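The working numbering runs 26 ahead of the 1-based position in the sequence shown. The C-beta atom is built at its ideal place from N, Cα and C for all residues, glycine as well. All figures in this text were calculated on a predicted structure; none of them were measured in a lab.
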Amino acid sequence: MKTETGCPYHQPGAAPAVPLNPPGAWPPGPQPGITGWDLLRQMSRDMLGTLRRWQRDHGDLVHLRIWPEHQVVVTDPALARELLVHHHHALIRWERGIAVFSELHGHSVLIAEGEPWRMKRHALQPNFAPRPSAALVPAIADRTARALSAWRDGPWPVEQALTALTMEVIAGMAFSGDIAADAPAAAQALHNLSVAANSEFFWPFNLPRWLPSQRAKRRELAVLDGLIARHIDARMQAPRSAWPDDLLARLLVLHDADPAAWPLSAVRDECMTTFLAGHETAAATLTWWAWCMAANPAAQQRARDEVGAQLAGRAPTAQDIAALPYLTATLQETMRLYPAAPVLLSRRSTAPITLGGWQLPARTIFTVPVQLMQHDERWFPEPQAFRPERFANDAQQAPRGAFMPFGTGPRICLGQHLVMAEMTVVAAMVLQRFALAPQPGMAAPQPVMNVTLRPRLPLCLQLSGLT
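Pasting the structure below:
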């Protein structure tokens, strides 16, 4: 049975019942000192490494006392899923994280809570369902072919090229536009804002934008705001009969029907979130996939052979995607090793929650580090090895919740079907045209978390064209 994320691993049943600890007791955790702020400093320096060390020392539920908050880190798959699925009604996203993201995303579906979130999710969901996502495959293949025609033998900036390509794909889906000229500036702006956001998560509040120290941030925000505004303005100046059938057109129809519920600011916010979230997961994953292919030539050749046998040199169609199981497994294994969002946005409980035998009060903050579960040898033997075969039907079973690169529960990634279709098409077409290899003397890229997981240095690989 497959999970929400398409992972074939499944073991039925919930977390085993355990005796309840008394109210007011907390799971074990590191000594906080007087304020616990040193724990915060440790996380700000190396979030994943610090959480991994605490998991090793204290277990799968770790309590952090960081004044004035209580935080619980969850690294047990069954408990993580229980939290995000069965207790979702008692959770909101962590206010500090939302304050950071809202500077760019406004009040989009990524930010909203309660009834506004349900309304936005209901309106947007049809655009990202499996059938509409499949209908976009020809356009994805066309844009990919055009982009790959510019790739050349020798050292090639693969990360930069894949980021530009995924931006163009999502812009085509959202705005029916060509943003090739805007992609470099947009990618740089987003990178700089992501680096800043990763630090701001650990600040108590947002600094006012008018401060001189925020000048660079204002400039980067203006780049992205200007890109979205230009597409909206151009569409509104065109006669409605000339509007293409894309996300922007559907949002503007909602605006015309109910301007109070869908003001133009809401249209802007959803366009921004779709553009940013819609390309970033694919760009980060494809970047790491390219490295995994380069570092594992046998897996690369097996995937290429499968692509060749199925496609015989033609562009992929939506029907081909299901016929490329090994290629899909290489993408899934990449997402296991290098999840785009290695730590899900923290939640705060609005009511008491019982989890793993602990009676946890309202206002507890919960953090789910997906990468730690996906790198846990209890669920994935040889967790640091690239083994796409894990995702074959006869793979060793792992608990449901151990693999959730798109999250889980009602907040599961809205665009997961589109992202998987896009990544499969791009990966297949890259393998049709090029062999990928590390550059001579190249070390494995060092992952760094700046909202999403990217290589510390821009990834460049050695390309060899295939005739």
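Asked	Found
Cα-Cα separation, PRO484 to ALA377	44 Å
Pairwise C-alpha distance: LEU363 and GLN410	7 Å
Cutoff 6 Å; reference THR29; Cβ partners in own chain excluding five residues on either side	Note that THR29 has pLDDT 43, beneath the 50 cutoff, so the model's placement of it is unreliable and no number is given.
Where the beta strand (DSSP E) through GLN97 begins and ends	95–100
SER267 Cβ short of 7 Å to the ligand MN heavy atom set	Looking at this structure, you won't find the ligand MN or any other ligand, since it has none at all.
For MET475, three-class secondary structure by DSSP	strand
Cβ separation of ALA200 and CYS318, assumed to be a contact under 8 Å, to the nearest whole Å	Actually they do not touch by this definition, with Cβ atoms about 29 Å apart.
Three-state class that DSSP yields for VAL279 in the structure shown	helix
Ranges of the beta strand (DSSP E) found wholly within the stretch 280–322, counting only runs of at least 3	none
Beta-carbon proximity check, HIS96 vs ILE391, cutoff 8 Å	yes
C-alpha distance - GLU185 paired with GLU226, whole-angstrom precision	25 Å
Whole-angstrom distance between ASP83 and ASP272, CA atom to CA atom	50 Å
Cβ-Cβ separation, ARG459 to LEU487 (assumed contact under 8 Å), whole Å	Wrong, their Cβ atoms sit about 13 Å apart, outside the cutoff.
Complete alpha helix (DSSP H) runs within the stretch 344–388 (minimum length 4 residues, chain order)	344–347, 351–363
Whole-number beta carbon distance between LEU191 and VAL452, since they are thought to touch under 8 Å	7 Å
ILE196 - DSSP class collapsed to helix/strand/coil	helix
Rounded straight-line distance, which links the Cα of GLY252 to that of GLU246	10 Å
Euclidean distance between Cα positions of ALA248 and VAL135	21 Å
Validate contact between the stretch 466–473 and the stretch 327–341 using beta carbons, cut 8 Å, 3 pairs	no
Endpoints, the beta strand (DSSP E) within which GLN240 is located	Neither: GLN240 is in no beta strand (DSSP E) and is coded neither H nor E.
6 Å CB neighbourhood of HIS305 in its chain, flanking five on each side removed	THR192, MET193, ILE196
C-alpha gap between PHE417 and HIS217, whole angstroms	32 Å
Member of PRO183, LEU109, GLU415 whose CA lies at the smallest distance from the CA of GLN385	LEU109
Bridge partners - TRP182, DSSP secondary structure assignment	LEU487
Nearest neighbour of THR343, chosen from SER159, GLN151, SER375 [CA to CA]	SER159
Cβ contact (3+ pairs, closer than 8 Å) linking the stretch 100–107 and the stretch 348–355	no
Residue(s) in a DSSP beta bridge with VAL456	Paired residue(s): none; VAL456 is not in a bridge.
Distance, ALA275 Cα to ALA264 Cα	11 Å
Residue interval of the beta strand (DSSP E) (run including ILE92)	87–92
Under 8 Å between C-beta atoms of ALA366 and PRO431	yes
Reference MET455; option with closest CA among GLY55, GLY123, SER175	SER175
Contact check, LEU150 vs LEU440, beta carbons under 8 Å	yes
Nearest-angstrom Cα separation, counted from LEU370 out to GLN397	9 Å
Unbroken alpha helix (DSSP H) run spanning ARG71, endpoints	63–71
Residues near GLY132 by beta carbon distance below 6 Å, same chain, minus five either side	ASP295
Assumed close pair GLU359, PRO414 - CB separation to whole angstroms, cut-off 8 Å	4 Å
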